[in-house]
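Participant: I'd like to ask you about the structure that follows.
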Amino acid sequence: MTIIDNLTTDNESASDESIAAGNGVLGQRILRKEDPALLTGEAIFTNDMKVPGALHLAVLRSPYAHARIVSVDVSGALAIDGVLHAYSGADLADQWAAPMPCAWPVTDDMKNPAHFPLAATKAAYVGDGVACVLATSDAIARDALEAIGVEYEPLPAVIDLEQALTDDVVIHDDIGTNVSYTWPLVIEETEGDCQKAMDTSAHVVKERYIQQRLIPMAMEPRAVVAIPQPYGGDMTLYSSTQVPHILKVMTALTLGIPEQQMRVVCPAVGGGFGSKLNVYAEELLCVQLARTLKVPVRWNEERGENAQATIHGRAQIQDIELAADENGKITGLRVRLLGDMGAYLQLVTPGVPLLGAFLYGGVYEIPKAFDFSCTSVFTTMTPTDAYRGAGRPEATYAIEHAMDALAHKMGIDPLELRRRNFIPKESFPYEAYTGLVYDSGDHDKAATVAEKMVDYAALRERQKTQNVAGATKRLGIGVSTYFEMCGLAPSRVLASLNYSAGGWESATVRVLPTSKIQVVTGTAPHGQGHETAWSMIAADKFGVDPADVDVLHSDTAIAPLGLDTYGSRSLPVGGVAISMACDKVIDKARKIAAHQMEANEDDLEFAGGMFSVKGSPDKEMPLAAVAFEAFTAHDLPDDVEPNLEVQVTYDPPNFSWPFGTHICVVEIDTETGETEVLQYVAVDDCGNKVNPLIVDGQVHGGVIQGLAQALFEEAAYDSDGNLQTSGLAEYLVPAASDVPSITTGESITPSPTNSLGVKGVGEAGTIGAAPCVMNAVVDALSGLGVHDIDMPASPLKVWNAIQEAQQAQAAPNNSQENQ
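Here is the structure:
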């Protein structure tokens, strides 16, 4: 596949002044509108909904990672008082118009085993649904699961990715292999040869990194309520999803429901991090059973189910080779990626590893001596899919960890090595080795800001005096620089990647007769602060208070057009659509105001909510008056329709490219293996900031999730495919006491591809954090002979690495003594 797209930067260039040119709202640290309801318990989540007469769904899940289903007997459940219905997977096999959807067939020959909401013949992971119960209460439904008799024929589990490649145990009989696809990134008109670079360069490092499985563990587990209309075929689905529009389309296709009869609403959503970017079995079960039985059906997820049946993230083996000349300038890069799809392909599972394919070169000048391929396999574990950053954190980890390995081999400072390879500021917009165009960047500036914030030189001097022989507290300094390909768009590029959806976003802006503002957005927030940020954009445009702007979202009946929230796309796509709609409303209002004031449109200025005639300050008309005139329509220009309302669909000309530098300082106790983060600095350049307070919050949350991967979290399985970390007692999400103080610095390089100059920031912290922390850990221990540690760097793992390094260093001496 060739990805050579002439991505443009042909929109009017944005700058810091483009933000300042409004009414002074943008750039302020305004408290979030959403928070009072969330903090006081007034917000309504899906499981809070009172639905009289609803039946409660519970799903019986396979205790085996791989097993044939010989028989299912639901009669015992049906005999329980309060149980109205019970079904096996075979009982419902004729209910599905199509298998569960995968929206990203990355290659023409990709293998995608048929996957249905309940397994009928074979369970492919622990947690795979095999039967279900509908009862008058959740407690009765869950208790009744124990009365269902299932006879299984256990089969060998497949939990090792490289073993899966052998096809010794084939998981899906219908496709005959465990390999889903192999995807090479083919680059036309290459300027060099990767193998030649590896053979002739002064320095080559070859590394293997493991991206462990992660469980997203959103604060709110998933929940679903499906309500059919008693007369007619309309269906309303409430779900704790982050993709109501995509869920509506995919549910209609999978169940054969006319799309116009489907409405999807997501009430307050307690976090997603990509895990709610999906179409899940329980959503389809609730809709189909409600549709068939003509009663509401609801389901809520317990934490153990959340760990087993909601997607996992990451799960890759990365082999990376990095070549450089005698000065450390990169001359070649090769990546071989092995991706764990889990048991089935969920909505965007196969595409996640490939999102990172374009970022393995990081922020560096990489020649076209680049070689990338990804092979993805099925295993008998929970399906993987998008998790905060989706492929970008994995790619950044590999190149940033390899850069440290190269710096160590060459004996130069890691930050200095990075500076020798940064894409220079004057080279932007920069066409990368992949053919994609990076719109803007100033990597040296971000690195310099971070360097000064931590007093990097002084830290290195302190390290020399602290990390001496016999020291039990060793200091480590980690650096990570990154690019993020976000604002998931434009549509034509997604088409070249075989992605089934587009990258556009929709917005409608109305100025009501009473001069209040309504903004309707296709983005669906789940903690990002869209109501606050979007109201600030409109308020700045119209010269009103943000409190006078109401933002409507997350209901496909109110906002019928949209592509939802993921991939740091909401602001650089959805927010820009809102800005464009506001401009068009003002243009329409200008026509009406000019007509009312008997002036030429070109002579009207608009500022602070007021139209005025140039040179005649006494001739003014407020937007409120224009809005009322548009509503009454008593005296409008002949070519102008009533009401101030405009709908815009925006498809960006390019991705947006935020970037940054993170520096982490750790201290490791060699006697216990414990890692303490002493200092963490994050300098994230996301272009112009609508609300810096929200930006800081997004960065802090992202850093914590990256730090969690580095030091705490791992979805661990035993050899039989049983998840050993199915609850918060075993799966180590960091507590508040584990989180260091995070200091954010500022570098602002506006995007030239949109009028707001914004880029997106939702995933930035996660992308920068894990390699930064792990580089610090390895840096602290390198003097002891420890050159790498797999994530998470738990105290036991760190202690064992120290012991092994010491034994290895002592081995030659012991051998000589024995001689």
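Each residue of the sequence shown is one higher than the one before, starting from 47 at the first, in my numbering.
C-beta: ideal position from N, C-alpha, C; glycine also.
(1) Under a three-way DSSP split, which group does residue 558 fall into?
(2) Tell me whether the beta-carbon of residue 358 lies closer than 7 Å to the beta-carbon of residue 425.
(3) Helix or strand or just coil, what does DSSP make of residue 852?
(4) How big is the Cα-Cα spacing for residue 828 and residue 457?
(5) List the endpoints of the continuous beta strand (DSSP E) containing residue 580.
(6) So which of 504, 584, 589 has the shortest CA-CA distance to residue 598?
(7) How is residue 109 classed by DSSP in three states: helix, strand or coil?
(8) With DSSP collapsed to three states, give me the class of residue 486.
(9) Applying the criterion that 16 or more other CB atoms from any shown protein chain within 10 Å of the CB defines a buried residue, is residue 759 buried or exposed?
(10) Assign residue 79 to buried or exposed, taking buried as 16 or more other Cβ atoms, counted over all protein chains shown, within 10 Å of its Cβ.
(11) So for residue 214, helix, strand or coil by DSSP?
(12) What are the boundary residues of the beta strand (DSSP E) that residue 751 is part of?
(13) Three or more C-beta pairs closer than 8 Å, one from the stretch 562-578 and one from the stretch 604-622: is that the case here?
(14) Only counting the same chain, and skipping five residues up and downstream in sequence, which positions put a Cβ closer than 7 Å to that of residue 334?
(15) So what's residue 476 in DSSP terms, helix, strand or just coil?
(16) Go to residue 528, then tell me how far its beta strand (DSSP E) extends in each direction, as first and last residue.
(17) What number of angstroms, rounded off, separates the C-alpha of residue 855 from the C-alpha of residue 831?
(18) So residue 149 packs on residue 546, CB below 8 Å; how close in whole Å?
(19) Residue 628 by DSSP, collapsed to three states: which one?
(20) Is the stretch 447-466 in contact with the stretch 250-259, if contact means three or more CB pairs nearer than 8 Å?
(21) CA-CA distance, residue 261 and residue 658?
(22) Roughly how many angstroms separate the alpha carbons of residue 715 and residue 406, rounded to a whole number?
(23) Between the alpha carbons of residue 480 and residue 504, how many angstroms are there, rounded?
(24) Note down, in chain order, each residue of its chain lying with its Cβ closer than 7 Å to the Cβ of residue 133, except the 5 sequence neighbours on either side.
(25) Which residue's Cα is closest to the Cα of residue 321: 304, 296, 340, 288?
(26) Assuming residue 291 is part of the alpha helix (DSSP H), what are its boundary residues?
(27) Can the beta-carbon of residue 26 be found less than 7 Å from the beta-carbon of residue 812?
(28) Can you find the residues in the same chain that come closer than 8 Å, C-beta to C-beta, to residue 113, ignoring five residues on each side of it along the sequence?
(29) Expressed to the nearest angstrom, what Euclidean distance is found between the alpha-carbon atoms of residue 718 and residue 796?
(30) So what does residue 763 bridge to, in DSSP terms?
(31) On the CB-based measure, 16 or more other CB atoms within 10 Å of its CB, does residue 417 come out buried or exposed?
(32) Can you give me the start and stop residues for the alpha helix (DSSP H) that residue 811 sits inside?
(33) If you draw a straight line from the alpha carbon of residue 371 to that of residue 731, how long is it in whole angstroms?
(34) Within this structure, are the beta carbons of residue 529 and residue 705 separated by less than 7 Å?
(35) Below 8 Å on the Cβ atoms is my contact criterion, and I expect residue 354 with residue 772 to pass it. Report the Cβ-Cβ distance as a whole number of Å.
(36) Between the alpha carbons of residue 100 and residue 641, how many angstroms are there, rounded?
Facilitator: Reading it off the structure:
(1) Looking up residue 558 in the sequence shown gives position 512. Three-state DSSP puts residue 558 in coil, outside helix and strand.
(2) Taking the sequence shown and counting its residues from 1, one reaches residue 358 at position 312. Taking the sequence shown and counting its residues from 1, one reaches residue 425 at position 379. No. Outside cutoff.
(3) Taking the first residue of the sequence shown as 1, we reach residue 852 at position 806. Here residue 852 sits in helix by DSSP.
(4) Sequence index remark: in the sequence shown, residue 828 carries index 782 (1-based). Sequence index remark: in the sequence shown, residue 457 carries index 411 (1-based). Distance between the alpha carbons of residue 828 and residue 457: 12 Å.
(5) In the sequence shown, the residue the question calls residue 580 occupies position 534. Premise fails: residue 580 lies in the alpha helix (DSSP H), 576-588, not in any beta strand (DSSP E).
(6) Here residue 598 is taken as the residue at index 552 of the sequence shown, counted from 1. Looking at the Cα atoms, 584 is the closest of the given residues.
(7) Position 63 of the sequence shown, counted from the start, is the residue given in the question as residue 109. Note: residue 109 maps to coil in three-state DSSP.
(8) On the sequence shown, residue 486 is found 440 positions in, with the first residue counted as 1. Coil.
(9) As a first step, residue 759 is located in the sequence shown; it is residue number 713 there, counting from the start. Buried is the call here.
(10) Taking the first residue of the sequence shown as position 1, residue 79 is located at position 33. With 16 or more other Cβ atoms within 10 Å, it is buried.
(11) Taking the first residue of the sequence shown as 1, we reach residue 214 at position 168. Note: residue 214 maps to coil in three-state DSSP.
(12) As a first step, residue 751 must be located in the sequence shown, where it is residue number 705. First-last for residue 751: 738-757, but that is the alpha helix (DSSP H), not the beta strand (DSSP E).
(13) yes
(14) For the purposes of this step, residue 334 is identified with residue 288 of the sequence shown, where counting begins at 1. The residues are 141, 301.
(15) As a first step, residue 476 is located in the sequence shown; it is residue number 430 there, counting from the start. The answer is strand: DSSP assigns residue 476 an E or B state.
(16) One-based indexing of the sequence shown puts residue 528 at position 482. Element bounds for residue 528: 519-529.
(17) Walking along the sequence shown from the start, residue 855 turns up at place 809. Walking along the sequence shown from the start, residue 831 turns up at place 785. Going from the Cα of residue 855 to the Cα of residue 831 covers about 8 Å.
(18) Numbered from its first residue, the sequence shown carries residue 149 at position 103. Numbered from its first residue, the sequence shown carries residue 546 at position 500. That belief holds up - the Cβ atoms of residue 149 and residue 546 are roughly 4 Å apart, short of 8 Å.
(19) Start at 1 with the first residue of the sequence shown, and residue 628 comes out as number 582. Three-state DSSP puts residue 628 in a helix.
(20) yes
(21) Here residue 261 corresponds to residue number 215 of the sequence shown, with the count starting at 1. Here residue 658 corresponds to residue number 612 of the sequence shown, with the count starting at 1. The alpha-carbon atoms of residue 261 and residue 658 are separated by roughly 57 Å.
(22) Numbered from 1 along the sequence shown, position 669 holds the residue referred to as residue 715. Numbered from 1 along the sequence shown, position 360 holds the residue referred to as residue 406. C-alpha separation (whole angstroms): 33 Å.
(23) Within the sequence shown, numbered from 1, the residue matching residue 480 stands at position 434. Within the sequence shown, numbered from 1, the residue matching residue 504 stands at position 458. Taking the straight line from one Cα to the other gives about 38 Å.
(24) Along the sequence shown, one-based indexing puts residue 133 at 87. Counting only Cβ-Cβ distances below 7 Å, and skipping sequence neighbours, we find 120, 177, 178.
(25) Numbered from 1 along the sequence shown, position 275 holds the residue referred to as residue 321. Residue 321 has its Cα closest to that of 288, out of 304, 296, 340, 288.
(26) In the sequence shown, the residue the question calls residue 291 occupies position 245. 290-301 is the extent of the alpha helix (DSSP H) around residue 291.
(27) What is shown of the chain runs 47 to 865, which leaves residue 26 out entirely.
(28) Taking the first residue of the sequence shown as 1, we reach residue 113 at position 67. Same-chain partners within the cutoff: 168, 169, 198, 199, 200, 201.
(29) On the sequence shown, position 672 is the one that residue 718 refers to. On the sequence shown, position 750 is the one that residue 796 refers to. Spanning the two alpha carbons is a distance of roughly 46 Å.
(30) For the purposes of this step, residue 763 is taken as the residue at position 717 of the sequence shown. Answer is 769.
(31) Here residue 417 refers to the residue found at position 371 of the sequence shown. Buried, because 16 or more other Cβ atoms sit within 10 Å of the Cβ of residue 417.
(32) Sequence index remark: in the sequence shown, residue 811 carries index 765 (1-based). It spans 810-827 - the alpha helix (DSSP H) in which residue 811 sits, taken as one unbroken run.
(33) Counting from 1 along the sequence shown, the entry for residue 371 is found at position 325. Counting from 1 along the sequence shown, the entry for residue 731 is found at position 685. Approximately 30 Å, taken between the alpha carbons.
(34) Counting from 1 along the sequence shown, the entry for residue 529 is found at position 483. Counting from 1 along the sequence shown, the entry for residue 705 is found at position 659. Contact flag set, yes.
(35) By 1-based counting over the sequence shown, the position of residue 354 is 308. By 1-based counting over the sequence shown, the position of residue 772 is 726. Indeed, because the Cβ distance is near 6 Å, the residues count as touching under 8 Å.
(36) Translated into positions along the sequence shown, residue 100 becomes position 54. Translated into positions along the sequence shown, residue 641 becomes position 595. If I take the Cα positions, the gap works out to 56 Å.
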